[in-house]
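Just below is one structure, and these are the notes that go with it.
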Amino acid sequence: MVVVGFSLTIHGSALMAKTMNDEAPAAESPVEPDDQPPVDEPVENAKAGRGVKTLGGMQFWGDVCFFQGWRIQKNVFTEHFRLLDPKDNRHASGTLEECQAKLTQIRAEQKLPAMSGKAVVLLHGIGRSSRSFFGMSSALADDGYLVVGFDYPSTRVSIQDAAEYLHSVLQSLDGIDRIDVVCHSMGGLLLRAYLMKHDEPRFGKAVMLGVPNKGAQVADFLKDNRLFKAVMGPAGQQLVSGPDSIVHALPVPTFPFGVIAGGRSAARGYNPLLPGDNDSTVTVASTRLPGAADYRLVPVIHSFLMNDRRVIQATRTFLQQGCFDPDQPAQPISRDDVTVLE
C-alpha cells in the first residue's frame, strides 16, 4: 500500500486512520529475484539490453546514485543494489560495484553525455514516490533543469537515515554546478535533516510545499495507532509536534527558500478535526518556517499541492527570481515569527 496522505474520521468513539492509494502498484515485495526476470517479462528483453520490469516494492528501495535519469538503488532490507533506467526497467542487480560497472558500460554504449548545468531535486513525502511530481517535473524540465526524481524508503527508515540516501545521490551529481530543491510534505524535513550533518555549496534555492515544519498534528492523533505504526514506520513517529520531536532540532536552510501552504484562508481548513486552517493533513501554522524569503497560501489540499498549476508556476518563478510573484509584494516569514500550533 502506498500512502499519500491521511484523513481522520470518527467511527463510534474510535479514531481511525485512513489511507489513499497513489500509484497503486501491485503488492510490494522487499526482494526481487536477481537471477531471472519476472515470468511475464520476455527473457529476450534483458538480453537485448532493454532491461526487465521491476516487481514494485518502491518503499523498500532508496536511490544512492543518479546519472542522466539512470539510478542505482539500495534495498533497505537485503542491502543489495539494482540499476534502473529512466523508465524504471532493471538492467543489473547485485553489489554496488557491479551496478556501477554496468552503468559505466551503458554510458559508453549509448554515448550518454556528462551532466552539466543546473539540477532540481524533487523530495517526495512519506509513502509517496518521485512519480507524485509528474506535473512539476515536466514544467521544471522545460525550464532547463536536469530533474532528479529522488526516491527513498520513506516508510521503512528514519528521517535521518533517509537524509544519508540523499547525501549519496547529491555526491553522484558530477558536473552539476547548481542544485535547487522542491520538497513536498516530509520531504522538507528530509532536506533540513540533511543540513544537520552535511554542507552542499551548490544549493541555490528551495521551495517547500505543505511541509510540517513544526510537526504534523495528524501524527499526534495517530502515533499510538498500530496500523499507523505499521504503515508509516519510524519516520511516521518522528512527524509528531511535541516538544521532543525531531522537527524542533532541524536547522533552517541558510540559502533562499520559500513556503507554500494549502488552506482555505478561513478559521477552519479542509479537515475539521485539525485545529485552524489546514490542507487536510498539515496545518497552515505548521508550515510557517521563520527565515522564508516568501510565503503563499493556496486553496489546494495536501496531496495535490505539487501538481496544481498555480503552485507549479509559483515554484518556477521562485527558483528563477527568489519570489513567488514579481507583481506582488513578497511575504517573508520573519525569523522572529512566533506562530505556534493551536
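First residue of the sequence shown? That's 7 in our numbering, and the numbers climb one at a time after it.
Idealized CB from N, CA, C, for every residue including glycine.
Environment of residue i [buried if 16+ CB atoms lie within 10 Å]
| i | result |
| --- | --- |
| LYS211 | buried |
| HIS254 | exposed |
| ALA236 | exposed |
| HIS190 | buried |
| THR101 | exposed |
| PRO278 | exposed |
| PHE139 | buried |
| PHE66 | buried |
| THR293 | buried |
| ASP40 | In this prediction, ASP40 has a pLDDT of 35, which is less than 50 and means its spatial position is unreliable; what the coordinates show is noted afterwards. By the neighbour-count rule (16 or more Cβ atoms within 10 Å), ASP40 is not buried but exposed. |
| MET238 | buried |
| SER160 | buried |
| ASP250 | exposed |
| ARG315 | exposed |
| THR260 | exposed |
Same chain, Cβ closer than 7 Å to residue i, five either side skipped, listed in chain order
| i | result |
| --- | --- |
| PHE330 | GLY264, ASP300, ARG302, ALA320, THR323, PHE324 |
| GLY328 | LYS211, PRO262, ALA299 |
| GLY268 | GLY216, ASP285, VAL304, VAL306, ILE307, HIS308, LEU311 |
| ILE206 | Looking at the sequence provided, one finds Glu at residue 206 rather than Ile. Result list for GLU206: LEU176, ILE185, in chain order. |
| ASP69 | ARG77, GLN79, PHE156, ASP157, TYR158, TYR171, VAL175 |
| ARG208 | ILE182, ASP183, ARG184, ILE185 |
| TYR151 | LYS124, ALA125, VAL126 |
Simplified DSSP state of residue i, which is helix, strand or coil
| i | result |
| --- | --- |
| GLN79 | strand |
| HIS190 | strand |
| ILE112 | helix |
| ALA362 | This structure leaves residue 362 out entirely; the chain is present only between 7 and 348. |
| ALA199 | helix |
| HIS308 | helix |
| ALA32 | Here ALA32 scores only 32 on pLDDT, less than 50, and its place in the model should not be relied on; the value that follows carries that caveat. Reduced to three states, the DSSP call for ALA32 is coil. |
| ARG184 | strand |
| VAL217 | coil |
| ARG302 | strand |
| PHE73 | strand |
| LEU347 | coil |
| SER99 | strand |
| ARG322 | helix |
Cut-off 6 Å between Cβ atoms - residues of its own chain near residue i, not counting five sequence neighbours on either side
| i | result |
| --- | --- |
| CYS71 | ILE78, SER178 |
| MET64 | SER135 |
| GLY4 | No answer is possible for residue 4: the residues shown for the chain start at 7 and end at 348. |
| LEU146 | VAL126, VAL153 |
| GLY194 | MET214, VAL217 |
| PRO240 | SER164 |
| ALA336 | ASP300, CYS329 |
Close Cβ partners of residue i (< 8 Å) along its chain, the five nearest in sequence each way excluded
| i | result |
| --- | --- |
| GLY296 | Reading off the sequence, residue 296 comes out as Pro, not Gly. Cβ neighbours of PRO296 beyond the five flanking positions: VAL258, ILE339, SER340, ARG341, ASP342, ASP343. |
| PHE73 | LEU109, ARG113, LEU118, MET121, SER178 |
| SER143 | LEU128, SER136, VAL153, GLY155 |
| GLY248 | GLY221, ASP226 |
| ASP149 | ARG322, LEU325, GLN326 |
| PRO332 | THR323 |
| PHE273 | Sequence check: residue 273 is Ala here, not Phe. GLY282, ASP283, listed in sequence order. |
Start-end ranges of the alpha helix (DSSP H) lying completely within the region 138-174, minimum 4 residues: 140-148
Touching by the beta-carbon criterion (3+ pairs, under 8 Å), the region 113-125 and the region 192-200: no
3 or more residues per run - each beta strand (DSSP E) lying fully within the region 223-299: 263-268
Inter-stretch contact at 8 Å, needing at least 3 Cβ pairs: the region 121-131 / the region 222-234: no
Cβ pair count under 8 Å reaching 3, the region 242-254 against the region 152-167: yes
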